[in-house]
Amino acid sequence: MITFRTFLVAGHALAAIAVVLLIGYLGRLTARAVRQPPVVGEIAVGMLLGPALLGLVWPRAESVLLPGPVLEVLRQTGHAGAVFFLVGVAHELRLDGSRLKDRAIAWTTMGSLVPSVVAGLSFAGWLLWYDRPEFRGDASTPAFVLMMAIAMTVSAVPVLARILADRGLTTTRVGGLALTSAVIIDALAWLALAVVLGLAKGGGAKGIATAAVVLVLGLAATALVRRLLLLPAAERFCARLPWVVTVLLGGGALGVAAAAESWGLTAIFGAFVVGLMIPTGPAHWDAPVRWVSSLGLWLVPVLFVTTGLKVWKGATGMPWLVAIVATVLAVLAKIGGTYVFARWGGEGRTGALRLGALLNTRGLTEIVLLQAGFNAGVISPALYLSLMVMALVTTAMTGPMLTVIDRFLAGGAIWEPRQEVQRAATG
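At position 236 of the sequence shown (counting the first as 1) the number is 251 in this note's numbering, and the numbers step up by one without a gap.
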């Protein structure tokens, strides 16, 4: 039965969501003003700045402004935003077969992946040696170590694609290499996260087996639904009624995400599977995916605020030493590893540096992965804050680093692989 109190809670929740969305919008404007990816501003004001200042300036702010029922509505809204956003992320994880024939892809991917995994394992080893309980979650040591490797490895495909478009690099060789490598690495990271969640939730081999079964069934369903959506009748329906398809896609993503949670995985796998189901060839399928993903991008600041409130409650403060160590390791592994391996693969000095700078972008993909680890108890609140700083710094430094490379190293010229430069010089 709907009561007057229900209306009050609904109105309060809508007002709170509106305020959070306004905060997120201001964060995006601020980020664009300083030539940063919008997600940097959203995270900074939504998760780090907002909850921290509320707790410092007005300790009772949460209980007054966001009582239990209202906060739960915000949590569900942020959760839905993450699901919608990941539909678009999964849809973008498609590979160009012609690019995979370029051996530079293998070198670039290995350079971005292998040193980052080593850095993650080293970071986990240091934390275990440091032996501070506030930096350990409730999960087993294997789950914790693997989660740290994943955290260092990710390169955010959506943010990277936006940076490439803003700088006119999408159709260049550097853009193709960076984006293809990021797609491969992120796909491996999502699979590894399934193993982490299996270890964390299901208890050892049984949990991994459950996750593997769900993944296999999910991939089989993905292939089947994709074939059905390529039928002429389905394509005509999408072309004529894209808004209906958008509603069905969003509702389906929420339903599959809930089913994935009930099977012991995280909701992001359900969203990921739905995104992979949508065909990538016909152009009329792109609009519904883009609309759903855009709605998710607008709603994720709500996730940042609610998560920030929870994290700041559990953390005693910002663990700057851990944040600095994580950031240094992440930057050295991504930029240094990509540079060295790309040079071995035949790329020029400037091109290899650009690749390192681009693949160092972690963005919202990193945040969602960390969120999954945090919810599963693998990452503690203090460690979550530290890795959040790492994600912000590595994403924020991409633009300035590319500018430095262009001004002081590239000289404004379009970079080419080392062999091509040598052939051009010798005539």
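Glycine residues also receive a C-beta, built at the ideal position from the N, C-alpha and C atoms.
Pairing residue 395 with residue 150 gives a Cβ-Cβ distance under 7 Å. Distance from the CA atom of residue 38 to the CA atom of residue 57, rounded to whole angstroms, is 8 Å.
With a minimum length of 3 residues, there is no unbroken run of beta strand (DSSP E) contained wholly in the segment 348 to 391. When the five nearest sequence neighbours on each side are left out, the beta carbons in the same chain lying within less than 8 Å of the beta carbon of residue 414 are those of 50, 51, 52 and 178, in order along the chain. Taking all protein chains in view, the Cβ of residue 122 is crowded by 16 or more other Cβ atoms within 10 Å, so the residue is classified as buried. Taking a 10 Å sphere around the C-beta of residue 201, we find 16 or more other C-beta atoms and assign the residue as buried.
Residue 393 sits in coil when the DSSP states are folded into three classes, being neither helix nor strand.
Residue environment analysis places residue 377 among the buried positions, since at least 16 neighbouring C-beta atoms fall within 10 angstroms of its C-beta. In the structure shown, residue 292 falls within a helical segment according to DSSP collapsed to helix, strand and coil. Of the residues assessed, residue 422 falls on the exposed side of the cut-off, its CB having fewer than 16 other CB atoms within 10 angstroms.
Taking C-alpha positions only, residue 404 is separated from residue 342 by approximately 8 Å.
Taken through DSSP and simplified to helix, strand or coil, residue 184 comes out as coil. Here residue 335 is exposed: its Cβ has fewer than 16 other Cβ atoms, across all protein chains shown, within 10 Å. For residue 250, the enclosing alpha helix (DSSP H) covers residues 247 to 255. DSSP, read as helix, strand or coil, puts residue 49 in coil.
Put simply, of 45, 381, 386 and 263 the residue whose alpha carbon is nearest the alpha carbon of residue 409 is 381. Here the segment 358 to 377 does not lie against the segment 133 to 140, with fewer than 3 beta-carbon pairs under 8 Å apart. The beta carbons of residue 286 and residue 80 sit about 29 Å from each other, so the pair does not count as a contact at 8 Å.
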